[in-house]
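Asks:
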Amino acid sequence: MQKTFYAFLFLYFVSSALFAQSKINITANHPDAKFFALRETDNTEVAELGVGSIELKLDKQSQNRIKVVREGYEPLIVEYPRSIKWDKQQKVALENRLVDISVEPYDAEIYVDGRMIGTKRTYLVIGKGKFLTLEIKKNGYAPISKVYYNSPDRETPPVKDFFELKDRQVRLEVSPADATVELNGVAKGRGNTDVTVPFGECVTVNVIREGFADVTQVFCNKPADPTPPARFRAALEDRLVKITTAPGDANIEVGGKVLGVGKYDLKVPKNACVEVKVVKDGFLKYVKSYCNQTNMQEPPLNEHVEMEIDEAYTSSISTDMANVRITVPVNKSMSPENAWRTLSSIITRSFDVLETVDYNTGYLTTAWQVQNFKGTTIRTRMIVSTGGNSDEQTYVVKLVSQRADGVVNIKEDQLFSNWSRLLKRYGGIVEEIQARMQ
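For what it's worth, the numbering used here labels the leading residue of the sequence shown as 1218, then goes sequentially.
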């Protein structure tokens, strides 16, 4: 009985092998898909079998491996060993999309979903119902990104795609870190920024922060221009003080030059100090140094200068008789002695001390009369000498009016300068001399 059972099994397997299909029909889901027979040792194509559908004769000594190919799809390799009973009709489906990707420059890196997969050229396979994100990167260039979908409701991936990195990218490293970055006048953000410079164009970069002088840099991506750097450090180091004055028409001077009226943005270079003077007639001069140095007080962001009234100004008059030699003719009917006596009496009423008096040479000099005001020292003196014309008796009178900032020693001549005004107490002395000598 047992021998009979084993014999039955043997006959069953033999009959199954004998009745297995020797030919099958294979149809692709695309009528233009091509079929190729493959060498089993290395999967190289041996021969084209047909397009759209084929009748495949199954060889008992082979795995009957074939490849189904259509442009834009991942090739499909299937095998039909004779040892398996196959349905007469077989269907194969090409579903994964295939994109031939090539890039320039050739050393640009190709990334898929954040993972680097190569350079120069690659084939991208997008599974059915899936999507992939492609990125092309190279230091110093703006990256290119694209998403490919394999879905009927999305754009069909191309068979081939070429990417050329032409736009440059500069990694802008900003200090201080909260400085604002503007590109062509439009705010981009704060801190370190990737600056894209399109091919054939230029981009103006401004780095701005309150209290600092702006840093401006132009990057150009043109054949005739230098290549933009991959990295650029924009360090705000020069300080900026916004100066305003009251009154609003005061002159703001730096280095002896008027740089602004009423307002001025003062730049204080790194490791330097800058002295500023604010000047206006009738007000005390304002002088201050701003330093941008280690261990020194930081310059303020804003400086509003409220100028003080100059009391010396309000106590004086404007005149064209100060610090000039004025010739005073003497009436011929007046004797020299009487003229000298009259001249001396007029002068001594305003000047207490005469420093030099010489009737014979007609020379007289008063001592300096000093008056101190808040923030100002005024000194005044009279100098008289005889005129050079011997045929006519004349005197040459000079009323010297000088000013110095602050309260200073009267003997520090270098601190004084001629002042185009006269204290009111000396305002009529020259006119009186002119009138009394006639």
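Even for Gly, the Cβ is constructed at its ideal location relative to N, Cα and C. None of the values given here were measured: they were computed from a predicted structure.
Assuming contact is defined by CB atoms lying nearer than 8 Å, are Y1580 and S1602 in contact in what I supplied?
Replies: Start at 1 with the first residue of the sequence shown, and residue 1580 comes out as number 363. Start at 1 with the first residue of the sequence shown, and residue 1602 comes out as number 385. Yes. Within cutoff.
Asks: From what residue to what residue does the beta strand (DSSP E) around Y1503 run?
Replies: Stepping through the sequence shown from its first residue, residue 1503 is reached at position 286. From DSSP, the beta strand (DSSP E) with Y1503 extends over 1503-1509.
Asks: Round the Cβ separation of K1347 and L1382 to the nearest angstrom and send it over; I've been treating them as touching at under 8 Å.
Replies: As a first step, residue 1347 must be located in the sequence shown, where it is residue number 130. As a first step, residue 1382 must be located in the sequence shown, where it is residue number 165. So it is not a contact: roughly 26 Å between Cβ atoms.
Asks: Cβ of A1254 within 8 Å of Cβ of I1283?
Replies: Here the question's residue 1254 lines up with position 37 in the sequence shown. Here the question's residue 1283 lines up with position 66 in the sequence shown. Yes, the Cβ-Cβ distance between A1254 and I1283 is below 8 Å.
Asks: Only counting the same chain, and skipping five residues up and downstream in sequence, which positions put a Cβ closer than 6 Å to that of Y1507?
Replies: Residue 1507 sits at position 290 when you count from the first residue of the sequence shown. For Y1507, where only same-chain residues beyond five positions count, the Cβ hits under 6 Å are V1458, V1485, V1491, P1516.
Asks: With a Cβ-Cβ cutoff of 8 Å, do T1413 and Q1386 count as a contact?
Replies: By one-based count along the sequence shown, residue 1413 stands at place 196. By one-based count along the sequence shown, residue 1386 stands at place 169. Cβ distance < 8 Å, so T1413 and Q1386 count as in contact.
Asks: Could you say if the region 1581-1594 and the region 1533-1549 meet the contact criterion of at least three C-beta pairs nearer than 8 Å?
Replies: As far as the Cβ criterion goes, the region 1581-1594 does not touch the region 1533-1549, which means the pair count is below three.
Asks: Thinking C-alpha only, which one of A1467, E1520, L1315 is nearest V1496?
Replies: Working through the sequence shown from its first residue, we reach residue 1496 at position 279. Measuring from the Cα of V1496, the nearest candidate turns out to be A1467.
Asks: On the CB-based measure, 16 or more other CB atoms within 10 Å of its CB, does M1654 come out buried or exposed?
Replies: Position 437 of the sequence shown, counting from 1, holds the residue named residue 1654. So M1654 ends up on the buried side.
Asks: Cα-Cα, which of G1408, G1406, K1615 is closest to L1560?
Replies: In the sequence shown, the residue the question calls residue 1560 occupies position 343. Closest by alpha carbon: K1615.
Asks: Tell me which residues share the same chain as V1432 and place their Cβ nearer than 7 Å to its Cβ, disregarding the 5 neighbours each side in the sequence.
Replies: Counted from its first residue, the sequence shown places residue 1432 at position 215. V1424, A1451, L1453.
Asks: Helix, strand or coil: how does DSSP classify V1647 here?
Replies: As a first step, residue 1647 must be located in the sequence shown, where it is residue number 430. Here V1647 sits in helix by DSSP.
Asks: Look at F1429 and D1455 and say whether their C-beta atoms are less than 8 Å apart.
Replies: Translated into positions along the sequence shown, residue 1429 becomes position 212. Translated into positions along the sequence shown, residue 1455 becomes position 238. For F1429 and D1455, yes; Cβs fall inside 8 Å.
Asks: Could you compute how far the alpha carbon of T1462 sits from the alpha carbon of E1525?
Replies: As a working mapping, residue 1462 is identified with position 245 in the sequence shown. As a working mapping, residue 1525 is identified with position 308 in the sequence shown. One C-alpha to the other measures close to 11 Å.
Asks: Out of V1329, V1316, F1416, state which residue places its alpha-carbon closest to the alpha-carbon of A1441.
Replies: Residue numbering aside, residue 1441 sits at position 224 when the sequence shown is read from its first letter. Closest option to A1441, Cα to Cα, is F1416.
Asks: Would you report the Cα separation of A1359 and A1245, rounded to the nearest angstrom?
Replies: The residue given as residue 1359 occupies position 142 in the sequence shown. The residue given as residue 1245 occupies position 28 in the sequence shown. Here the alpha carbon of A1359 sits roughly 42 Å from the alpha carbon of A1245.
Asks: Following the continuous alpha helix (DSSP H) through A1529, name the residue where it begins and the one where it ends.
Replies: One-based indexing of the sequence shown puts residue 1529 at position 312. Here the alpha helix (DSSP H) through A1529 covers 1528-1531.
Asks: Give every residue of the same chain whose Cβ lies closer than 7 Å to the Cβ of K1641, excluding the five residues on either side of it in the sequence, and list them in chain order.
Replies: Your numbering for residue 1641 matches position 424 in the sequence shown. So the list reads S1532, S1533, I1534, once near-sequence residues are dropped.
Asks: Would you give the residue range spanned by the alpha helix (DSSP H) that A1310 belongs to?
Replies: For the purposes of this step, residue 1310 is taken as the residue at position 93 of the sequence shown. Run containing A1310: none; DSSP gives neither H nor E here.
Asks: Between V1376 and E1288, is the Cβ-Cβ spacing less than 8 Å?
Replies: Locating residue 1376 in the sequence shown gives position 159, counting from the first residue. Locating residue 1288 in the sequence shown gives position 71, counting from the first residue. The Cβ atoms of V1376 and E1288 sit closer than 8 Å to each other.
Asks: Below 8 Å on the Cβ atoms is my contact criterion, and I expect R1371 with T1397 to pass it. Report the Cβ-Cβ distance as a whole number of Å.
Replies: Taking the first residue of the sequence shown as position 1, residue 1371 is located at position 154. Taking the first residue of the sequence shown as position 1, residue 1397 is located at position 180. The pair is not a contact, with the Cβ atoms about 39 Å apart (cut-off 8 Å).
Asks: What residue range does the beta strand (DSSP E) around L1341 cover?
Replies: One-based indexing of the sequence shown puts residue 1341 at position 124. Counting along the chain, the beta strand (DSSP E) containing L1341 begins and ends at 1338-1343.
Asks: According to the neighbour-count rule (16 or more other Cβ atoms, all chains shown, within 10 Å of its Cβ), is M1333 buried or exposed?
Replies: Locating residue 1333 in the sequence shown gives position 116, counting from the first residue. Classification of M1333: exposed, given that the 10 Å Cβ count is below 16.
Asks: Find out if the Cβ-Cβ distance for the pair A1539, L1400 is shorter than 8 Å.
Replies: Residue 1539 sits at position 322 when you count from the first residue of the sequence shown. Residue 1400 sits at position 183 when you count from the first residue of the sequence shown. No, the pair does not count as a contact, with Cβ atoms beyond the cut-off.
Asks: Is K1641 helix, strand or coil when you go by DSSP?
Replies: The count along the sequence shown starts at 1 and reaches residue 1641 at position 424. Here K1641 sits in helix by DSSP.
Asks: Spatial neighbours of G1604 within its chain, please: CB distance less than 7 Å, with the 5 preceding and 5 following residues excluded, ordered by chain position.
Replies: In the sequence shown, counting from the first residue as 1, residue 1604 sits at position 387. Counting only Cβ-Cβ distances below 7 Å, and skipping sequence neighbours, we find T1544, T1611, Y1612, V1613.
Asks: Is the CB of K1274 under 8 Å away from at least one CB in chain B?
Replies: Among the protein chains of the structure shown there is no chain B, as only one such chain exists.
Asks: Per the DSSP calculation, A1452 is bridged to which residue(s)?
Replies: As a position in the sequence shown, residue 1452 is number 235, starting the count at 1. Per DSSP, S1392.
Asks: For K1628, tell me which candidate among K1305, N1488, T1578, I1595 has the shortest Cα-Cα distance.
Replies: Translated into positions along the sequence shown, residue 1628 becomes position 411. Checked all of K1305, N1488, T1578, I1595; the closest Cα to K1628 is I1595.
Asks: Measure the C-alpha to C-alpha separation of F1236 and F1380 and round it to an integer number of angstroms.
Replies: For this step, residue 1236 is matched to residue 19 along the sequence shown. For this step, residue 1380 is matched to residue 163 along the sequence shown. Note that F1236 scores 46 on pLDDT, short of 50, meaning its location in the model is unreliable and no value can be drawn from it.
Asks: Who are the Cβ neighbours of T1593 in its own chain at under 6 Å, not counting the five residues just before and after it?
Replies: Locating residue 1593 in the sequence shown gives position 376, where the first residue counts as 1. Here the set comprises A1529.
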